[in-house]
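In our numbering, the protein residues as written are -13 to 142.
Following this line, the structure appears as structure tokens:
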């Protein structure tokens, strides 16, 4: 186990096990207790740690890189670029096309998240519908922010 990892150490360990030609098994008789975070901020911070760990993992094992790894950081960076594009559009009229395009993309994301939240809530109880979109957003934005922060700051 690489003790320099604050998160994603299990992924890193399993990757090394697989690369060494071994297999890891989990017993169905094991019990795992999970305590969900008590606020969206705490969930966002947890996901940011996971995103940071995923970035460290990719830095250590570039061969494990896939395009899917870039989705959360691109999501988070896109939010920042959208805000910047709108600021520039209001200030100078430039980049209005970019601001509109990115806003449309995030509206599509919002519609997909709302649809998925509705689907999950229909199966598990409508009481979850008012929370799920924000939980999903916190997960996606947190993973992306943590990855970006580690990629830029390098753990500083």
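Idealized CB from N, CA, C, for every residue including glycine. Here the structure is a predicted model, which means the values were calculated and not measured.
Quick check on this structure: which residue in 1, 125, 61, 126 has the alpha carbon closest to the alpha carbon of residue 89?
61
Rounded to the nearest angstrom, what separates residue 138 and residue 121 at their Cα positions?
26 Å
Candidates 94, -3, 69, of which the one nearest residue 38 by Cα:
-3
Is it buried or exposed, residue 132, if we count other Cβ atoms within 10 angstroms and call 16 or more buried?
buried
Alpha carbon to alpha carbon, what distance is there between residue 8 and residue 130?
31 Å
Proximity below 8 Å, CB of residue 85 to CB of residue 77:
no
Could you give the distance in angstroms between the alpha-carbon of residue -11 and the alpha-carbon of residue 23?
24 Å
Nearest residue (CA-CA) to residue 118, options -13, 25, 2:
The residue with the shortest Cα to Cα distance from residue 118 is 25.
Starting from residue 93, follow the alpha helix (DSSP H) in both directions and report where the run begins and ends.
Where residue 93 is concerned, the enclosing alpha helix (DSSP H) starts and stops at 82 to 110.
Please report the Cβ distance between residue 128 and residue -7, rounded to the nearest whole angstrom; I am assuming they are in contact, meaning their Cβ atoms lie under 8 Å.
No, residue 128 and residue -7 are not in contact; Cβ-Cβ is about 11 Å, not under 8 Å.
Between 65, 66, 10, 41, which lies nearest to residue 54 when the distance is taken from Cα to Cα?
Cα-wise, what sits closest to residue 54 is 41.
Taking buried to mean at least 16 other C-beta atoms within 10 Å of its own C-beta, is residue 134 buried or exposed?
buried
Which value, in whole angstroms, describes the spacing of the CA atoms of residue 47 and residue 69?
33 Å
Using a threshold of 7 Å, is the CB atom of residue -1 nearer than that to any non-hydrogen atom of the ligand ATP?
Judged by which ligands are present, the structure shown has none, so any question about the ligand ATP falls away.
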